[in-house]
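J.: Here the sequence shown stands for residues 13 to 190, numbered as in the working numbering.
Ideal Cβ placement from N, Cα and C applies to all residues, glycine included.
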Amino acid sequence: MFIINQHETNANQIIYFKSQSDSQRYWDFFIENKNVIPFQYVNPLLVAGKGYTYNQILKLDFLNCIIPIPIFSCKFVKKYNELLKEELQFFPCKIKIKDKTVDFFLGRIIKSDNILDLQRSGSRTLTDGSSLPDTPFFYQTRCDNFYILRDCSFKSHYIVSKYFANLCKEFNIEVKSV
Numbered sequence: 013m014f015i016i017n018q019h020e021t022n023a024n025q026i027i028y029f030k031s032q033s034d035s036q037r038y039w040d041f042f043i044e045n046k047n048v049i050p051f052q053y054v055n056p057l058l059v060a061g062k063g064y065t066y067n068q069i070l071k072l073d074f075l076n077c078i079i080p081i082p083i084f085s086c087k088f089v090k091k092y093n094e095l096l097k098e099e100l101q102f103f104p105c106k107i108k109i110k111d112k113t114v115d116f117f118l119g120r121i122i123k124s125d126n127i128l129d130l131q132r133s134g135s136r137t138l139t140d141g142s143s144l145p146d147t148p149f150f151y152q153t154r155c156d157n158f159y160i161l162r163d164c165s166f167k168s169h170y171i172v173s174k175y176f177a178n179l180c181k182e183f184n185i186e187v188k189s190v
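1) So, are the CB atoms of Leu-161 and Ile-127 less than 8 Å apart?
2) Do Asn-22 and Asn-76 have their C-beta atoms within less than 8 Å of each other?
3) Can you check whether the CB of Ile-78 is closer than 8 Å to the CB of Phe-117?
4) Note down, one range per segment and in chain order, each alpha helix (DSSP H) of at least 4 residues found wholly within the region 99-178.
5) Got a sec? Which residues, its chain only, sit under 6 Å from Thr-113 by beta carbon, not counting five neighbours each side?
6) Have a look at Ile-15 and Tyr-170 and give me their C-alpha separation to the nearest angstrom.
7) At a cut of 8 Å, does the region 65-73 reach the region 136-144 through at least three beta carbon pairs?
8) Ser-189 lies in the beta strand (DSSP E); which residues open and close that run?
9) So what does DSSP say about Ser-31, is it helix, strand or coil?
10) Can you say whether Arg-154 is buried or exposed, counting buried as having 16 or more other CB atoms within 10 angstroms of its CB?
11) Rounded to the nearest angstrom, how far is the Cβ of Ser-7 from that of Asp-163, given a contact under 8 Å?
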């Protein structure tokens with residue numbers, strides 16, 4: 013099992029939605045998989061944080077988003093859209109950096125499973141006595157025949173398989189074993 017990240021990450025390299033209402037709407041659509049937006053209207057404009065340069069964004073094949081939505085380059089989507097269509101839907105978006113925009117794709121993860129190992133992961137107790145998983149996070153799967161999975165309970169977590177990790181080798185995407 014692996015997680016994917018953007019190469020050359022620093023503290024100010026994050027992609028934002030232009031408003032809180034956009035963030036909530038796209039959380040519902042991409043993370044919760046609720047059809048709150050007609051497909052033909054999913055074409056958001058996102059904003060690159062100050063840590064990016066235009067030339068750097070042009071070279072990257074994966075971007076870190078403020079909410080856990082994978083953002084892929086056009087090159088990646090062109091090559092793997094058909095292969096991944098049962099597990100990952102791609103929706104065009106534009107990344108605004110200063111006065112320019114770059115085309116990318118947001119990924120909607122279709123498959124989910126209990127991937128967060130709650131017994132081994134850390135936890136944090138809330139004021140109401142309930143607890144949430146916290147660092148360190150440990151992952152588990154019951155199957156190996158997937159490319160990408162989102163946790164069905166703690167939806168901010170997703171992992172990729174060795175098959176997906178192999179797809180990333182020829183792209184500028186960082187892959188870490190978990």
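T.: By the coordinates alone:
1) Working through the sequence shown from its first residue, we reach residue 161 at position 149. Working through the sequence shown from its first residue, we reach residue 127 at position 115. Going by beta carbons, Leu-161 and Ile-127 fall inside the 8 Å limit.
2) Locating residue 22 in the sequence shown gives position 10, where the first residue counts as 1. Locating residue 76 in the sequence shown gives position 64, where the first residue counts as 1. Their beta carbons are not under 8 Å apart, which means Asn-22 does not touch Asn-76 by this criterion.
3) Translated into positions along the sequence shown, residue 117 becomes position 105. Translated into positions along the sequence shown, residue 78 becomes position 66. In this structure, Phe-117 sits away from Ile-78, with a CB-CB distance that is not shorter than 8 Å.
4) Fully enclosed alpha helix (DSSP H) runs of 4 or longer: not present.
5) Here the question's residue 113 lines up with position 101 in the sequence shown. Same-chain partners within the cutoff: Lys-106.
6) By 1-based counting over the sequence shown, the position of residue 15 is 3. By 1-based counting over the sequence shown, the position of residue 170 is 158. If I take the Cα positions, the gap works out to 7 Å.
7) No, the region 65-73 is not in contact with the region 136-144.
8) Taking the sequence shown and counting its residues from 1, one reaches residue 189 at position 177. Residues 185-189.
9) For the purposes of this step, residue 31 is identified with residue 19 of the sequence shown, where counting begins at 1. Of the three classes helix, strand and coil, the one that applies to Ser-31 here is coil, per DSSP.
10) As a first step, residue 154 must be located in the sequence shown, where it is residue number 142. Answer is exposed; the Cβ neighbour count stays below 16.
11) There is simply no residue 7 to check, as the chain begins at 13 and stops at 190 in what is shown.
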